[in-house]
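Trainee: For reference, the structure I am asking about is given below.
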Amino acid sequence: MKKVAVIGPILARWKDHVYLMKPFDKLLNQELRFEAIDPLTFCYGCDSLEQARNNFLGWLKLNKNEYDIFMGFALGGTLIQTVFDDGTLDDKKVILFSSPSIADKGLKTKIGKILEYLDKADLTNALITKEKIAANLDDYVIKHELSEIEEKEAIERMQLGFNLILQANLSILEKVPKNTKVYIGEKSQLATLNNVRLPTNKQVIVPNASMRLFQDNLDFMLNELDKTIKE
Numbered sequence: 174m175k176k177v178a179v180i181g182p183i184l185a186r187w188k189d190h191v192y193l194m195k196p197f198d199k200l201l202n203q204e205l206r207f208e209a210i211d212p213l214t215f216c217y218g219c220d221s222l223e224q225a226r227n228n229f230l231g232w233l234k235l236n237k238n239e240y241d242i243f244m245g246f247a248l249g250g251t252l253i254q255t256v257f258d259d260g261t262l263d264d265k266k267v268i269l270f271s272s273p274s275i276a277d278k279g280l281k282t283k284i285g286k287i288l289e290y291l292d293k294a295d296l297t298n299a300l301i302t303k304e305k306i307a308a309n310l311d312d313y314v315i316k317h318e319l320s321e322i323e324e325k326e327a328i329e330r331m332q333l334g335f336n337l338i339l340q341a342n343l344s345i346l347e348k349v350p351k352n353t354k355v356y357i358g359e360k361s362q363l364a365t366l367n368n369v370r371l372p373t374n375k376q377v378i379v380p381n382a383s384m385r386l387f388q389d390n391l392d393f394m395l396n397e398l399d400k401t402i403k404e
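Following our numbering, the numbering of the sequence shown begins with 174 at its first residue and continues without gaps.
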């Protein structure tokens with residue numbers, strides 16, 4: 174049984190990570206145990222991505238031997254990239270999904286639109302804008318209501334995470350663990366070939382996919398992931 178640490182994306186409510194994890198139930202390789210980890214755990218109290226990186230690296234050095242594989246979605250994958258230069262993950266398999274290395278102009282513009290709403294405490298439009306951009310949708314309807322406390326927490330979570338990812342500046346990744354792969358949606362507006370800086374031989378383009386790789390091309394992702402895990 175292999176244990177997999179899944180460092181998640183920025184979620185307004187961390188409890189929604191259960192939906193993120195569902196596709197893994199369909200993997201042919203069932204000898205895996207997944208643990209979802211909120212990336213913002215490493216970000217609270219941080220003014221810079223460098224501080225979050227140091228928090229993550231400290232956790233990693235204490236816990237890395239508990240896991241065989243490290244996966245990262247979006248901000249989670251960006252955090253993983255920040256520690257490549259340390260070498261702590263050199264002997265681990267690393268799989269990233271829709272994870273920018275740098276905050277290029279396109280990423281800053283789109284995240285800026287979300288932050289504009291968050292700065293006005295307009296969570297509804299922030300969530301709608303986030304989903305439309307991430308999933309390439311013409312429109313989006315929020316399917317759940319948040320309590321006042323949940324709404325306040327969601328705004329704080331999203332502001333923290335998005336402001337930190339805007340600081341991503343891993344323009345040259347000189348040291349990348351050899352067993353690393355990054356999946357990029359062919360039609361993604363956020364994580365793109367312009368801002369993912371891993372070597373091209375470690376990149377896999379997911380056909381017809383937005384940032385939501387499993388949602389848009391599930392069969393491709395399951396087949397690819399099964400192969401990658403076995404490699």
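Ideal Cβ placement from N, Cα and C applies to all residues, glycine included.
1) Assign residue 175 to one of three DSSP states: helix, strand, or coil.
2) Taking only runs of the alpha helix (DSSP H) that begin and end inside the stretch 279-314, which ones reach a length of at least 4 residues, in chain order?
3) Is the number of C-beta pairs between the stretch 343-352 and the stretch 239-257 that are closer than 8 Å three or more?
4) Compare the C-alpha of residue 181 against each of 361, 194 and 363 and name the closest.
5) DSSP has residue 208 in a bridge; who is on the other side?
6) Based on Cα-Cα distance, which residue from 338, 292 and 384 lies nearest to residue 327?
7) Quick one: residues in its chain with C-beta nearer than 6 Å to the C-beta of residue 288, no 5 flanking neighbours on either side, listed in chain order?
8) What residue range does the alpha helix (DSSP H) around residue 192 cover?
9) Kindly list the residues whose CB is nearer than 6 Å to the CB of residue 356, restricted to its own chain and excluding five residues on each side of it in sequence; keep chain order.
10) In three-state DSSP terms, what is residue 269?
11) Output the residue ranges of the alpha helix (DSSP H) runs that lie fully inside the stretch 213-244 and measure 4 residues or longer, sorted by chain position.
12) Could you tell me the distance, in whole angstroms, from the CA atom of residue 206 to the CA atom of residue 268?
13) What are the boundary residues of the alpha helix (DSSP H) that includes residue 401?
14) So residue 251 and residue 307 are supposed to be a Cβ contact under 8 Å. How far apart are they, rounded?
15) Looking at residue 389 and residue 358, is the spacing between their C-beta atoms short of 8 Å?
16) Mind listing, in chain order, the continuous alpha helix (DSSP H) runs of no fewer than 4 residues lying wholly within the stretch 320-368?
17) Can you say whether residue 315 is buried or exposed, counting buried as having 16 or more other CB atoms within 10 angstroms of its CB?
18) Assign residue 376 to one of three DSSP states: helix, strand, or coil.
19) According to DSSP, is residue 183 helix, strand or coil?
20) Can you tell me which of 365, 200 and 244 puts its alpha carbon nearest to the alpha carbon of residue 266?
21) Measuring CA to CA, which of 332, 304, 301 and 296 is closest to residue 320?
22) Measuring CA to CA, which of 383, 366, 403 and 396 is closest to residue 274?
23) Which residue comes first and which comes last in the alpha helix (DSSP H) that contains residue 252?
Mentor: For this structure:
1) Strand at residue 175.
2) Taken in chain order, the unbroken stretches of alpha helix (DSSP H) that lie wholly in the stretch 279-314 and span 4 residues or more are 296-308.
3) The stretch 343-352 is in contact with the stretch 239-257.
4) The shortest Cα separation from residue 181 among 361, 194 and 363 belongs to 194.
5) Partner(s): 178.
6) If we check each option's Cα against that of residue 327, 292 comes out closest.
7) Around residue 288: 335.
8) In the DSSP assignment, residue 192 falls within the alpha helix (DSSP H) that extends over 190-194.
9) Within the same chain, Cβ atoms closer than 6 Å to the Cβ of residue 356 are found at 270, 377, 379 and 386, the five residues on either side in sequence being excluded.
10) The answer is strand: DSSP assigns residue 269 an E or B state.
11) Here the runs fully enclosed are 222-236.
12) Rounded to the nearest angstrom, the gap between the Cα atoms of residue 206 and residue 268 is 15 Å.
13) In the DSSP annotation of this structure, the continuous segment of the alpha helix (DSSP H) that includes residue 401 starts and ends at 391-403.
14) That belief does not hold up - the Cβ atoms of residue 251 and residue 307 are roughly 15 Å apart, past 8 Å.
15) Against a cut-off of 8 Å, the Cβ pair of residue 389 and residue 358 comes out as a contact.
16) Here the runs fully enclosed are 321-338.
17) The residue is exposed, with fewer than 16 neighbouring Cβ atoms inside 10 Å.
18) Strand at residue 376.
19) For residue 183, the secondary structure class from DSSP, reduced to helix, strand or coil, is coil.
20) Closest in C-alpha terms to residue 266, from the list 365, 200 and 244, comes 244.
21) Residue 320 has its Cα closest to that of 296, out of 332, 304, 301 and 296.
22) Residue 366 holds the alpha-carbon nearest to the alpha-carbon of residue 274 among 383, 366, 403 and 396.
23) 248-255 is the extent of the alpha helix (DSSP H) around residue 252.
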